[in-house]
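Under our numbering, the residues of the sequence shown are numbered 11 to 150, in order.
Shown next, in structure tokens, is the structure this report addresses.
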Amino acid sequence: MIGLCMGLAGVVWAQVPTAEFTLAWQHTIEKIRWEEDYRVGAEGLLLGEARVKGSGAGMEIPADAELRGGSWHYQRQLPPLQPLRLGRTPEAGDYQLCFNQRCHSMSDWLGPPQASQPAVELWSCELDSPASLVDEGRGG
Numbered sequence: 011m012i013g014l015c016m017g018l019a020g021v022v023w024a025q026v027p028t029a030e031f032t033l034a035w036q037h038t039i040e041k042i043r044w045e046e047d048y049r050v051g052a053e054g055l056l057l058g059e060a061r062v063k064g065s066g067a068g069m070e071i072p073a074d075a076e077l078r079g080g081s082w083h084y085q086r087q088l089p090p091l092q093p094l095r096l097g098r099t100p101e102a103g104d105y106q107l108c109f110n111q112r113c114h115s116m117s118d119w120l121g122p123p124q125a126s127q128p129a130v131e132l133w134s135c136e137l138d139s140p141a142s143l144v145d146e147g148r149g150g
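Pasting the structure below:
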């Protein structure tokens, strides 16, 4: 079964048994929520729709974005990401992973962001046995 792995340089820190998820975070300066929907496949993480509540410093809304329900919705054409590298520091706050209709801080799996480990990578991977998987966003 393919799922989502979190870690760095190919070292798995946590596994999440999901075929799709939303990555969400708050812009550090503008305090505006961003969301990106991903599908997990053998070739990597495929970005679907993205949403942002507004624009600001370094947050230009794409020209083809549509305003719906208070958020700008748009799609970017990117090849599958394998891995997706994220900066993760105490000053920036934490990311959320949303799947199965619930959102969880990455801290649930990885502990709080630390200056000594300022990055994390997400990639699609073959999951270990069901007994060793992270269930519903809590460390296992």
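Even for Gly, the Cβ is constructed at its ideal location relative to N, Cα and C.
Give me, in chain order, the residues of the same chain whose beta-carbon lies closer than 6 angstroms to that of Lys63; leave out the 5 immediate sequence neighbours on both sides.
The residue you call residue 63 lines up with position 53 of the sequence shown. Result list for Lys63: Ile42, Arg43 and Ser81, in chain order.
Once the 5 residues before and after Met116 are set aside, which same chain residues still bring their CB inside 6 angstroms of it?
Locating residue 116 in the sequence shown gives position 106, where the first residue counts as 1. Excluding residues within five positions, the ones whose Cβ falls inside 6 angstroms are Asp104 and Tyr105.
Segments of 3+ residues assigned as beta strand (DSSP E) that fall wholly inside the stretch 32-115:
Under the rule that a run must span 3 or more residues, the beta strand (DSSP E) segments found entirely inside the stretch 32-115 read 43-51, 54-62, 76-78, 81-85, 94-97, 106-109 and 112-115.
Cut-off 6 angstroms between Cβ atoms - residues of its own chain near Cys15, not counting five sequence neighbours on either side
Counting from 1 along the sequence shown, the entry for residue 15 is found at position 5. Excluding the 5 residues flanking it on each side, Cys15 has same chain C-beta neighbours closer than 6 angstroms at Val22, Gln25, Trp133 and Cys135, in chain order.
Roughly how many angstroms lie between the CA atoms of Glu70 and Cys113, to the nearest whole one?
The residue labelled residue 70 in the question sits at position 60 within the sequence shown. The residue labelled residue 113 in the question sits at position 103 within the sequence shown. Rounded to whole angstroms, the separation of the alpha carbons of Cys113 and Glu70 is 26 angstroms.
Exposed unless 16 or more other CB atoms sit within 10 angstroms - verdict on Gly154
The requested residue 154 does not occur in the structure, where the chain is confined to residues 11 to 150.
For the beta strand (DSSP E) that Ser134 lies in, which residues bound it at each end?
Sequence index remark: in the sequence shown, residue 134 carries index 124 (1-based). First-last of the beta strand (DSSP E) with Ser134: Ala129 to Glu136.
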